[in-house]
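The block underneath contains the structure these notes are about, expressed in structure tokens.
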Amino acid sequence: MATQSATDVPRTSFLFRRPPAPATGAPPMRRTNQFRRACRSWLFPYLKSRLAANEFRPVLSFFYTDLNCNLNCSYCYSRGKNIPGMSWETACAAVEWLERQGCRVLAYMGGEPLVRKPFIVELTRLAAQKGFFVYLPTNGILMDRDFIDAIGEAGVAAVNLAVDAMDGYAGIHKNLKRILPQFEYLVQQEKRYGYHTFLNINITGKNVDDVMALTETAHRYGIATDYHISEPPPIDYEGFDPAGTDVWIRESHIEAVDELIDWLIAKNRAGYTMVNSIAHLEAMKRFIRRELPAWPCRAGRVSMVIRLDGSFAPCFEYYASEEDWGDIRRGPRFDEERLTRLKARCSPGCLSTCNYQVSHYSQSWLRSLQWVAKHAYSQFFGVS
Ligand SMILES: C[S@@+](CC[C@H](N)C(=O)[O-])C[C@H]1O[C@@H](n2cnc3c(N)ncnc32)[C@H](O)[C@@H]1O
Ligand code: SF4
Ligand code: SF4
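Using my numbering, the letters of the sequence shown correspond one by one to residues 599 to 982.
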């Protein structure tokens with residue numbers, strides 16, 4: 599692939615149109631409020647977790663309300679087929695448990711959270727009232743104006759819209775064209791409700807040009823991006839065949855993906871707001887060559903997963919783990935030795951954007967302050 603610049607990005611008709619003006623009429627949430635919220639939900643829990651190093655005090659929890667989904671992205675093993683979602687009782691008990699542990703960041707995960715919109719709105723309201731920073735990842739297809747107003751009013755802090763292409767094609771279903779009206783309304787209402795919007799983009803062997811186009815689009819709309827490298831799971835998932843999936847990055851894609859990553863690093867240095875640190879983007883190059891060394895993942899310590907039935911897992915990748923990691927009734931079973939053994943095996947084959955950032959920013963007090971400052975001042979946040 600020849601080196602591309604911003605001007606080489608495919609000119610899909612809606613890409614370069616003028617973003618709509620922000621909504622007027624309601625008082626915008628002030629930066630000082632965002633800074634306060636970032637301190638309350640990220641910094642203080644993190645500092646407390648460092649001071650009480652012998653206790654289990656997760657800073658960030660991934661919260662699965664549904665595994666069902668209205669799509670079937672080729673790379674995704676994290677979806678079920680018509681499985682009952684989390685009950686309201688379990689959801690309330692899980693939020694209370696997290697609150698007791700000192701955790702104040704609740705990141706929905708799935709499946710597609712919006713398959714039960716009223717459930718998500720009410721749970722967001724409950725958690726936001728308790729001071730949680732609530733993060734909502736979604737493919738956006740079921741989003742409409744009423745939902746955006748309802749979730750904004752309920753107190754959501756970040757909406758992460760997952761799109762992998764400007765327009766859809768085989769294996770890549772999440773595209774911006776499909777959700778453009780709701781995307782524009784979501785961005786328009788940001789200041790009114792005080793949430794951040796950003797685009798969540800999965801880099802595959804098929805969508806290199808689209809990643810550039812989406813990056814430019816996000817920049818024009820004044821929102822952040824976060825990038826994931828699509829990767830096969832470390833364990834088996836029923837009904838998911840990694841070998842039958844055609845979107846992994848293979849040998850023949852390395853050159854093109856390398857050039858994309860260099861382009862993203864240049865954009866990051868030029869001031870585009872991205873969740874991924876340059877270190878994470880650089881690690882992607884080693885990852886696609888299978889040369890990534892083991893890294894100090896903090897899953898099961900600083901971050902964790904709550905499954906549909908209220909049981910725990912260390913991370914997204916181990917959702918289907920059959921080991922006992924504890925649950926909201928009995929408490930956690932994340933013993934350090936077991937986690938260390940696990941990560942020595944799995945971390946060279948995993949580049950979890952969220953856990954890699956968590957690992958980076960939780961290495962020192964100074965780095966955690968940087969995280970909060972980024973949050974408050976550059977609309978920065980990202981998970982998964
Ligand atoms: C599992 S989905 C759940 C929320 C929502 N349905 C969505 O698509 O964002 C969360 C994110 O996981 C990421 N993901 C899913 N499968 C992945 C894989 N094999 N490798 C890397 N990231 C993956 C996608 O980027 C997706 O946006
Ligand atoms: S990545 Fe999200 S939208 Fe795609 S199948 Fe998985 S859960 Fe559904
Ligand atoms: S490195 Fe961390 S996030 Fe990745 S699979 Fe292992 S435990 Fe999970």
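Beta carbons: idealized from backbone N, C-alpha and C, even for Gly. Keep in mind that this is a model prediction, so the values were computed, not measured.
- Taking every protein chain shown into account, the CB of Trp861 has 16 or more other CB atoms within 10 angstroms, so this residue is buried.
- In the structure shown, the three-state DSSP call for Asn798 is strand.
- Here Tyr706 carries a strand assignment [DSSP, helix/strand/coil].
- For Ala854, the three-state secondary structure derived from DSSP is helix.
- With fewer than three CB-CB distances shorter than 8 Å, the segment 867 to 887 does not count as touching the segment 932 to 942.
- With a cutoff of 7 Å on beta-carbon distance, Ile904 and Ser659 are scored as near each other.
- When C-beta atoms of the segment 808 to 822 are compared with those of the segment 834 to 849, fewer than three pairs fall below 8 Å, so the two segments do not count as touching.
- Beyond the five residues adjoining it in sequence on each side, Phe781 comes within less than 7 Å, by CB distance, of Gly738, Leu759, Leu774 in the same chain, given in chain order.
- Counting only runs of at least 3 residues, the segment 747 to 812 fully encloses the following beta strand (DSSP E) elements, listed from N- to C-terminal order: 756 to 760, 794 to 801.
- In the DSSP annotation of this structure, the continuous segment of the beta strand (DSSP E) that includes Leu658 starts and ends at 658 to 662.
- Secondary structure at Val845: coil, using DSSP grouped into helix, strand and coil.
- Cα atoms of Ala755 and Arg899: separation of roughly 23 Å, rounded to the nearest angstrom.
- In this structure, the straight-line span from the alpha carbon of Glu720 to that of Ala689 is close to 10 Å.
- In this structure, the beta-carbon distance from Val845 to Thr802 falls below 7 Å.
- DSSP links Pro946 through a beta bridge to no other residue.
- The closest CA to that of Val855, considering only Val873, Gly908, Ser828, Pro735, is found on Ser828.
- Bounds of the beta strand (DSSP E) holding Ser901 are 901 to 904.
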